[in-house]
Amino acid sequence: SGLPIMRVAFSSRLFSTPAIASSAEYGHSANMERIMRAQAYSHGQSDFSMKALKVFEINPRHPFIVKLLEGAPEEDAEESVVAPEVEEDAWIL
45 SGLPIMRVAF
55 SSRLFSTPAI
65 ASSAEYGHSA
75 NMERIMRAQA
85 YSHGQSDFSM
95 KALKVFEINP
105 RHPFIVKLLE
115 GAPEEDAEES
125 VVAPEVEEDA
135 WIL
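Following my numbering from start to finish, the sequence shown increments by one per residue and tops out at 137.
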């Protein structure tokens, strides 16, 4: 299973990175999650409740994201056909 994403947001703080998964404002930090997981593991508990919810932040000005948006169909388009290169780039992201 992947990261538990709480929400997706446009980022104003990213410059050289296309996207990141960061800790939610009031959630556990990555370090706190690591500490809690280690304690739960040593006591034989499930670490499900220890997982922090993440915010997936996208940098709309990054060339990679701009290129993905160029290949996206218009919202009015009835039938969307995505180029294989664009789909491959989206899966990499």
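All residues carry an ideal CB built from backbone N, CA and C; glycine is no exception.
Buried or exposed (CB count within 10 angstroms, at least 16 for buried), residue i
| i | result |
| --- | --- |
| asparagine 75 | exposed |
| proline 62 | buried |
Through-space distance from residue j to residue i, alpha-carbon basis
| i | j | result |
| --- | --- | --- |
| histidine 72 | leucine 97 | 8 angstroms |
| isoleucine 79 | arginine 51 | 24 angstroms |
| lysine 111 | arginine 81 | 38 angstroms |
| phenylalanine 54 | histidine 106 | 11 angstroms |
| alanine 84 | glutamate 119 | 46 angstroms |
Presumed contact (8 angstroms Cβ cut-off) between residue i and residue j, rounded CB distance
| i | j | result |
| --- | --- | --- |
| alanine 65 | phenylalanine 100 | 5 angstroms |
| valine 125 | glycine 115 | With a Cβ gap of about 10 angstroms, valine 125 and glycine 115 do not count as contacting. |
Cβ-based neighbour list, residue i, same chain, cut-off 7 angstroms, excluding 5 preceding and 5 following
| i | result |
| --- | --- |
| alanine 134 | Leu112 |
Same chain only: Cβ atoms within 6 angstroms of residue i, ignoring 5 sequence neighbours per side
| i | result |
| --- | --- |
| isoleucine 49 | Lys98, Phe100 |
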